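Numbering (the numbering used here), first residue to last: 35 to 527.
Glycine included, C-beta positions come from ideal geometry on N, C-alpha and C.
As the structure is a computational prediction, the values presented were derived from the model and not from experiment.
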Amino acid sequence: MTSQTLREARKYEEASGKLIREEERPDFHLTPRTGWMNDPNGFSYYKGQYHMFYQYYPYESKWGPMHWGHAVSNDLLHWEYLPCALAPDEAYDRDGCFSGSAVVLPDGRHLLMYTGVLKEHEERDIYREVQTQCIAVGDGIDYEKCEQNPVIGEKDIPEGSSRFDFRDPKMWKKADGTYACVVGNRPADGSGQILLYNSADGFHWKFKSVLASNHGRFGKMWECPDFFELDGKWVLLTSPQDMLPQGFEYHNGNGTLCMVGDYNEEDGTFIEMHNQSVDYGIDFYAPQTVLAPDGRRIMIGWMQNWDSCSMRSPEDPWFGQMSLPRELSLKNGRLYQRPVRELDAMRHGKVEYTDVAVSGVVKLDGMKGRRVDMELAVRPVDGEDLYQKFAVRFAQDDTCYTSLSFRPRESILKVDRKSSGSRRAIIHQRRALVNNPNGELRLRIILDRFSVEVFVGDGEQVLTATMYTKQEADGISFFADGTANIDVVKYEL
Ligand code: FRU
């Protein structure tokens, strides 16, 4: 039965979504049908299509009582909106349906698990949000919340752990047909931990173990965990709040963390061997993965960061974008990401230059656009001194540009959007340490109207940033202090 709250949201989004013109949105990055979007939720493959749900407040372009928006795609790049899937309409979730995930049941139904939020009165005008895990079952369009909700509650948390920070369940189906899920939580010391639960049927859940804890490292509360096997190891992704910086690896504020290690399923423990950031740019948070039918592990993140949401004004008709879907792999114990191969089919209008010597500013015929897939190789010139700096500028006109600059002596690659037209005093630059044998660097740069995603080398690092420069600013130019040789292949998308 559809509630009044859900019916209203569906009616509103249908009318309001129509008012947004296609050119006002990115082309192949998912945005909310209308209003506000944050985390990807319920990313799954169901009835022959990819389903993406998202944290959604349809009524304004700012965060509000959370619903789940819904879209489907055949290729992860062209999305079709479906009606809003969940609304905060039950006694146990009336203050929000927070992040969660989806699996397919053996009887063909789609099972969603999400965090139900309920404000509890503490004293005078102080309220705290109690968070529990709830489920809903559906057919890919309509979902029914289950009577036994919440299915994981206060009694299922280890002693001393917080019932106010207990959210974002990510489920998966195990090889034996039973289910497991990981949930973000805060232990008594106020830091972060990931709890592991098991279930025989997806409906009845039992606490198994504390899978991982932050031991004073990597921020405080750990949000939006994901846990999966990849190339013979196990990968734990989580998005920590309140990070302190660590060199060029981790930055302040909300970050993304990837830990690679071994998983002992018997006792529910994870032995971490390596950790790294998931994305080294400005806008990437709360990623979630899906296992594609062909075995690829594909990740999409919220292409935004909580601390820089003010880049866009509440008057804009939509807020929040999903990142490009990225294929994951491990190489030498490190996480690698590549744009999904489906993107190759969108490439057209090839422009290619080989061995161009860049010294000072260089513009090349045909190099422009705001929906672009560009492969760029930079190297020093034989017999000449190593160049000091190389840069590529894009989304450029007489006053605006966003740039990527590289200093080979320091091995630093920087994304900088301070001249993108932003009028806010927020983070506009971020730097990453990159591998570059003798000043040689390969980049794949993807633009889609309001964003740039930079894949370094074979995808060993990614830097992502949004920019809201007007679309007429479509110039691309190259610069070197000293001389650098470049090969560049550019496609329109
Ligand atoms: C992460 C997050 C989640 C929560 C959701 C609420 O961005 O804070 O932990 O479920 O957003 O919208």
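Listed by position in the chain, the residues whose beta carbon lies within less than 7 Å of some heavy atom of the ligand FRU are Asn72, Asp73, Gln89, Trp97, Met100, Gly130, Phe132, Ser133, Thr149, Arg201, Asp202, Gly218, Glu257, Cys258, Ser273, Tyr319, Ala320, Trp336, Trp340.
Per DSSP, Gln422 is not a residue of any beta strand (DSSP E), being assigned neither H nor E. Residue environment: Val164 is assigned as buried (16 or more neighbouring CB atoms within 10 Å of its CB, all protein chains considered). Distance from the Cα of Asp202 is smallest, within the candidate group Glu178, Gly130, His155, for Gly130. Under the Cβ criterion (8 Å, minimum of three pairs), the region 351 to 365 counts as touching the region 90 to 104. With fewer than three CB-CB distances shorter than 8 Å, the region 485 to 494 does not count as touching the region 376 to 388.
With respect to Asn248, Trp256 sits close: the two C-beta atoms are nearer than 8 Å. Nearest C-alpha to Glu418 among Gly473, Ile460, Ala411: Gly473. The beta-bridge partner set that DSSP reports for Thr436 consists of Phe428.
In the three-state DSSP reduction, Asp73 falls in the strand class (E or B). In the three-state scheme derived from DSSP, where H, G and I count as helix and E and B as strand, Asn309 is classed as strand. The alpha-carbon separation between Gly211 and Ala234 amounts to approximately 8 Å. If you ignore the 5 residues before and after Arg441, its C-beta comes within less than 6 Å of the C-beta of Lys423, all in its own chain and listed in chain order.
Under the three-state reduction of DSSP output, Met205 falls in the strand class. Between Ser342 and Ile228, the C-beta gap is not smaller than 8 Å, which leaves the two residues out of contact. Scanning Met401, Gln275, Arg483, Asn470 for the CA closest to the CA of Gly224 turns up Gln275. Note on geometry: alpha-carbon atoms of Val138 and Ser437 lie some 43 Å from one another. Inter-segment contact for the region 503 to 523 and the region 383 to 403 is present: three or more beta-carbon pairs are separated by less than 8 Å.
Shown here for Val106: same chain residues with a beta carbon closer than 8 Å to its own, the five before and five after excluded, namely Gln83, Tyr84, His85, Met86, Trp113, Glu114, Leu116, Gly174 in chain order. Take Gly253, set aside five residues on each side of it, and the residues of its chain with a beta-carbon closer than 6 Å to its own are Pro274, Gln275, Asp276, Met277, in chain order. Between the alpha carbons of Arg331 and Leu362 lies a distance of about 6 Å. Excluding five sequence positions before and after Ala222, the CB atoms of its chain that fall closer than 6 Å to its own CB belong to Gly194, given in chain order.
Fewer than three Cβ pairs drawn from the region 282 to 298 and the region 407 to 417 lie within less than 8 Å of each other, which leaves the two stretches out of contact. Under the three-state reduction of DSSP output, Gln38 falls in the helix class. Only residues of its own chain outside the window of five on either side were considered, and among them Val324, Ala326, Pro327 have a CB closer than 7 Å to the CB of Tyr79, listed in chain order. The shortest CA-to-CA distance from Lys153 to any of Asp127, Met205, Ser511, Ala170 is the one to Asp127. Straight across, the Cα-Cα distance linking Val395 with Thr68 is about 41 Å.
A straight line joining the alpha-carbon of Asp176 with that of Asp123 spans about 14 Å. Beta-carbon to beta-carbon, Phe200 and Val217 are separated by about 6 Å, close enough to satisfy the 8 Å threshold. Counting C-beta pairs with one atom in each stretch, the region 439 to 454 and the region 490 to 504 have three or more that are closer than 8 Å, which means they touch.
For Ile186, there is no enclosing beta strand (DSSP E), as DSSP marks it with neither H nor E.
Counting only residues of its own chain and dropping the five nearest sequence neighbours on each side, Pro99 has a CB closer than 7 Å to the CB of Tyr91, Pro122, Asp129, Gly130. In the three-state scheme derived from DSSP, where H, G and I count as helix and E and B as strand, Ala121 is classed as coil. A direct Cα-Cα distance of roughly 16 Å separates Arg360 from Leu291.
Under the rule that a run must span 3 or more residues, the beta strand (DSSP E) segments found entirely inside the region 223 to 285 read 227 to 233, 239 to 247, 256 to 264, 267 to 274.
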